[in-house]
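**Student:**
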Amino acid sequence: MADSHAKMTQATPQEVIISILAGLFAPLLAIFLIVQLVLGIQDNHQPDATDEAAEQATLNRIKPFATLVALDANAPKVEKSGQEVYDAVCTSCHAAGALGAPKFDNKGDWGPRIAKGYDTLVKHAIEGINQMPARGGDGDLSDVEVARAVAYMANSAGANFKAPEPAAAAAPAAAGAATVAKGDPAKGKAVYDAHCSACHAAGVAGAPKFGDKASWDKRIAQGYDTLLSHATKGIGAMPPKGGADISDADLADAVAYLYVEGGGKL
Ligand code: HEC
Ligand code: HEC
């Protein structure tokens, strides 16, 4: 009787604790499961909610890649500076003078080579010479990049070479020059009479006089393209396009007319 009573009083606190834990745990478990279920449903359904949402989700997922591809495909190659090329490619031999390479910053090594002239050095660097591999062994380097690295190295050792401008900057100018054909002097007469004669007939404001070889000689020596460019942008007291509202083609014709009548040959 005493035993069973003792057992009963011993068991009671455990039962109480278990029932409290169970009482707490069961609802917590239920809540946890419900939350999981809801999250699961949301996860499954969100992307498929509409075609548009799914498409947007896909676009968002591939966006970084798509951007990368677009950059690679469309971006013009950014020409590296001479120092960048040197640091990446040329330094491996030219820093310490490996294989007999002229050392960076070493006037004794570079003096005789600088004396060959920039163009020769660039040519040798592009084509390779003796132990020096073509383009320093990096076939991806453009001519401009190699030329810049040559200037960077030679200038470190006392030269004063001017590295070429980026090809990107030169290209539009070249394209422009190619598309603007030389003007037609025959068509230029009418344009001249209407827009240029005011100054050029009598030589107003120091304008070179029409047909006067003495005042055109030096100007013609600059070449037609330069004259056209000056006439387009204006020069000294000559306003852009002579202040006339005419097309580039008309201006080119008028310049051609002035040029030929001034003694130039197109
Ligand atoms: C694998 C080693 C090596 C690398 C890399 C290298 N060079 Fe050279 N370079 C040489 C050697 C060796 C010479 C001397 C060649 C000779 O005149 O016999 C030399 C010579 C030159 C000369 C002088 C050419 C002349 O006509 O006197 C130039 C300019 C030059 N290198 C530019 C470069 C540039 C620019 C790079 C990086 C794009 C580069 N080198 C990378 C080994 C290298
Ligand atoms: C308002 C006066 C004026 C008008 C209008 C004018 N010019 Fe001129 N032009 C000048 C003067 C001044 C110069 C000399 C500028 C200088 O070299 O300082 C000149 C120079 C030039 C030159 C030589 C540029 C050079 O580099 O030497 C050309 C080519 C030329 N003009 C073409 C034209 C044409 C084509 C027209 C008509 C569309 C025109 N000009 C209308 C005043 C004029």
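Residue numbers for the sequence shown follow the working numbering, so the first one is -4 and each next one is one higher.
Here a beta-carbon is modelled for each residue, glycine too, at the ideal position from N, C-alpha and C.
1. Is L261 close to ligand 2? I mean its beta-carbon at under 7 Å from any heavy atom of the ligand.
2. Measuring only from the beta carbon, is P159 closer than 7 Å to any heavy atom that is part of ligand 1?
3. Below 6 Å CB to CB, which residues in the same chain sit around D104 once its five sequence neighbours on both sides are set aside?
4. Leaving out five residues on either side along the sequence, give the residues of the same chain with a beta carbon under 8 Å from the beta carbon of G201.
5. Let me confirm a value: I26 is counted as buried when at least 16 other C-beta atoms fall within 10 Å, else exposed. Which label applies?
6. Can you list, in chain order, the residues of its chain whose CB lies under 6 Å from that of C191, leaving out five sequence neighbours each side?
7. Going straight from the alpha carbon of P167 to that of G134, what length do you get?
8. Skipping 5 residues on each side, what residues in its chain have a beta carbon closer than 8 Å to that of A172?
9. Quick check on A142: buried or exposed, where buried means 16 or more other Cβ atoms within 10 Å of its Cβ?
10. With a threshold of 8 Å between beta carbons, is F27 in contact with chain D?
11. Along the chain, where does the alpha helix (DSSP H) containing D114 start, and where does it finish?
12. Within 7 Å: the Cβ of G132 and any heavy atom of ligand 1?
13. Is the beta carbon of L253 sitting closer than 8 Å to the one on F205?
14. Does any heavy atom of ligand 4 sit closer than 7 Å to the C-beta of A93?
15. Label K75 either buried or exposed according to how many other C-beta atoms from any shown protein chain fall within 10 Å of its C-beta, with 16 as the threshold for buried.
16. Kindly give me the distance between the Cβ atoms of Y187 and A144, rounded to whole angstroms, as I take these residues to be in contact under 8 Å.
17. Within 10 angstroms of the Cβ of G258, are there 16 or more other Cβ atoms? Answer buried if so, exposed if not.
18. On the criterion of 16 or more Cβ atoms from any shown chain inside 10 Å, does F156 qualify as buried, or is it exposed?
19. Which whole-angstrom value describes the C-beta separation of R108 and I121, a residue pair presumed to lie in contact below a C-beta threshold of 8 Å?
20. Considering only their Cβ atoms, is the gap separating Y113 from A152 smaller than 8 Å?
21. In chain order, what residues of the same chain lie with their CB nearer than 7 Å to the CB of G95, ignoring the 5 residues before and after it?
22. Roughly how far, in whole angstroms, is the beta-carbon of A251 from the beta-carbon of G132, given that I think they are within contact range, below 8 Å?
**Tutor:** Looking at the atomic coordinates:
1. Taking the sequence shown and counting its residues from 1, one reaches residue 261 at position 266. L261: no, Cβ never under 7 Å from ligand 2.
2. Within the sequence shown, numbered from 1, the residue matching residue 159 stands at position 164. For ligand 1, not one heavy atom lies less than 7 Å from the Cβ of P159.
3. Along the sequence shown, one-based indexing puts residue 104 at 109. Only P97 and K98 meet the Cβ criterion.
4. By 1-based counting over the sequence shown, the position of residue 201 is 206. Once the five neighbours on either side are set aside, the close Cβ partners of G201 are G231 and A232.
5. Working through the sequence shown from its first residue, we reach residue 26 at position 31. Looking at its Cβ environment, which holds fewer than 16 other Cβ atoms inside 10 Å, I26 is exposed.
6. Against the sequence shown, residue 191 aligns to sequence position 196. Cβ neighbours of C191 beyond the five flanking positions: G237 and A249.
7. If you number the sequence shown from 1, residue 167 lands on position 172. If you number the sequence shown from 1, residue 134 lands on position 139. Any reading at P167 is ruled out, since the residue's pLDDT is 45, under 50, leaving its predicted position unreliable.
8. If you number the sequence shown from 1, residue 172 lands on position 177. In this prediction, A172 has a pLDDT of 43, which is less than 50 and means its spatial position is unreliable; what the coordinates show is noted afterwards. Result list for A172: D220, in chain order.
9. In the sequence shown, the residue the question calls residue 142 occupies position 147. Classification for A142: buried.
10. Within the model displayed, chain D is absent; a lone protein chain is all it includes.
11. Your numbering for residue 114 matches position 119 in the sequence shown. Looking at the DSSP string, the run of the alpha helix (DSSP H) that includes D114 is Y113 to E122.
12. Taking the first residue of the sequence shown as 1, we reach residue 132 at position 137. Indeed, a heavy atom of ligand 1 lies less than 7 Å from the Cβ.
13. Translated into positions along the sequence shown, residue 253 becomes position 258. Translated into positions along the sequence shown, residue 205 becomes position 210. Yes. Within cutoff.
14. In terms of ligand content, the structure shown lacks ligand 4 and carries ligand 1 and ligand 2 instead.
15. Locating residue 75 in the sequence shown gives position 80, where the first residue counts as 1. Counting other Cβ atoms within 10 Å of its Cβ, K75 reaches 16 or more and is therefore classed as buried.
16. Numbered from its first residue, the sequence shown carries residue 187 at position 192. Numbered from its first residue, the sequence shown carries residue 144 at position 149. In fact, because the Cβ distance is near 49 Å, the residues do not count as touching under 8 Å.
17. Translated into positions along the sequence shown, residue 258 becomes position 263. The residue in question, G258, is exposed, as its Cβ has fewer than 16 Cβ neighbours within 10 Å.
18. As a working note, residue 156 is residue 161 in the sequence shown. Looking at its Cβ environment, which holds 16 or more other Cβ atoms inside 10 Å, F156 is buried.
19. Taking the sequence shown and counting its residues from 1, one reaches residue 108 at position 113. Taking the sequence shown and counting its residues from 1, one reaches residue 121 at position 126. At roughly 15 Å, the Cβ-Cβ gap does not stay under 8 Å, so R108 and I121 are not in contact.
20. As a first step, residue 152 is located in the sequence shown; it is residue number 157 there, counting from the start. As a first step, residue 113 is located in the sequence shown; it is residue number 118 there, counting from the start. No, the pair does not count as a contact, with Cβ atoms beyond the cut-off.
21. Within the sequence shown, numbered from 1, the residue matching residue 95 stands at position 100. Closer than 7 Å at the Cβ level, and outside the excluded window around G95, lie Q126.
22. Residue 251 sits at position 256 when you count from the first residue of the sequence shown. Residue 132 sits at position 137 when you count from the first residue of the sequence shown. In fact, because the Cβ distance is near 49 Å, the residues do not count as touching under 8 Å.
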